[in-house]
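Q: First the structure, which I've put down as structure tokens, then a few questions once you've had a look.
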């Protein structure tokens, strides 16, 4: 690919690296297309169990590439809708997705990270909903994702000022799951990815979907969805394997069926 590096490990961990380090991995037209294609491929590829999304060099992603000409005609809306398809494709991956952030994550880059299930950052990472400082409004799902993580008033502060915040502040606000020393970032994320890859694919996928739907569901709807998911689990080979392993005092081996 022109803008991404895609590596697949034998255990099902897929690492996708935004690879425009000279531009702090700003997303250009080619990267939007390649992200959409890659997210859809990972979603459909049965052997892919976990996606790790990261950036090359000293940045995660500085946002959309503003050096490309901004379209000011009727095609701009369709262009934005294509960006939206990328965000939805990420959200729709039925497998755990980890964002590994070693540097700046700003604008669409931050919201790309927020669309992941887990975020691990180095202590050198920085974050910003920088749009307003460029005369733009928040996009790529940020208006939906950010208030759910930090609350409406804090989301407005972050979006209306566009300030850059530290990794420690992002952790305090609940934007990231963990902050680790820069030298430990790769090892920490590798451990999490390997643990997730070794888990039960069906149960992990359904757990992700239940939690994603929880904020828009009633308790009755959530309970019914849980019941349906659990019915699928108890009829699966993975659950039978987990129970056998429990009684045999060994680690289960899951195959996603």
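Numbering (the working numbering), first residue to last: 5 to 261. Positions of the beta carbon are idealized from the N, C-alpha and C atoms, including for glycine. Only a predicted model underlies this, so the values are computations on that prediction, with no experimental measurement involved.
(1) Any contact between the stretch 121–137 and the stretch 76–94? By contact I mean 3 or more CB pairs, one from each, below 8 Å.
(2) Could you give the DSSP three-state label for residue 131: helix, strand or coil?
(3) Residue range of the beta strand (DSSP E) that residue 11 falls in?
(4) To the nearest angstrom, how far is it from the Cα of residue 32 to the Cα of residue 18?
(5) Per the contact definition of three or more C-beta pairs closer than 8 Å, is the stretch 229–247 in contact with the stretch 204–217?
(6) Measure the C-alpha to C-alpha separation of residue 159 and residue 8 and round it to an integer number of angstroms.
(7) In whole angstroms, give me the CA-to-CA distance for residue 339 and residue 65.
(8) Where residue 195 and residue 226 are concerned, what is the direct C-alpha to C-alpha distance, given to the nearest angstrom?
(9) Quick check on the burial criterion: 16 or more other C-beta atoms within 10 angstroms. Buried or exposed for residue 141?
(10) Give the secondary structure of residue 165 by DSSP, where H, G and I count as helix, E and B as strand, and everything else as coil.
(11) Assuming residue 226 is part of the alpha helix (DSSP H), what are its boundary residues?
(12) If I follow the unbroken beta strand (DSSP E) through residue 126, where does it start and stop?
(13) If residue 98 sits next to residue 47, beta carbons under 8 Å apart, how far is it from one beta carbon to the other, in whole angstroms?
(14) Kindly indicate which three-state DSSP category residue 24 falls into: helix, strand or coil?
(15) Quick one: what's residue 104 bridged to in DSSP?
A: Reading it off the structure:
(1) no
(2) As a working mapping, residue 131 is identified with position 127 in the chain shown. Three-state result, residue 131: strand.
(3) For the purposes of this step, residue 11 is identified with residue 7 of the chain shown, where counting begins at 1. First-last of the beta strand (DSSP E) with residue 11: 8–12.
(4) In the chain shown, the residue the question calls residue 32 occupies position 28. In the chain shown, the residue the question calls residue 18 occupies position 14. Answer to the nearest angstrom: the Cα atoms are 22 Å apart.
(5) yes
(6) Position 155 of the chain shown holds residue 159. Position 4 of the chain shown holds residue 8. C-alpha separation (whole angstroms): 30 Å.
(7) Residue 339 is absent from the structure shown; the chain starts at 5 and stops at 261.
(8) Position 191 of the chain shown, counted from the first residue, corresponds to residue 195. Position 222 of the chain shown, counted from the first residue, corresponds to residue 226. Roughly 31 Å between the two C-alpha positions.
(9) The count along the chain shown starts at 1 and reaches residue 141 at position 137. Result: exposed.
(10) Numbered from 1 along the chain shown, position 161 holds the residue referred to as residue 165. Helix, per DSSP.
(11) Translated into the one-based positions of the chain shown, residue 226 becomes position 222. Its alpha helix (DSSP H) spans residues 223–238.
(12) Translated into the one-based positions of the chain shown, residue 126 becomes position 122. Element bounds for residue 126: 122–126.
(13) In the chain shown, the residue the question calls residue 98 occupies position 94. In the chain shown, the residue the question calls residue 47 occupies position 43. So it is a contact: roughly 6 Å between Cβ atoms.
(14) Numbered from 1 along the chain shown, position 20 holds the residue referred to as residue 24. Secondary structure at residue 24: coil, using DSSP grouped into helix, strand and coil.
(15) Within the chain shown, residue 104 is the residue found at index 100, counting from 1. Partner(s): 124.
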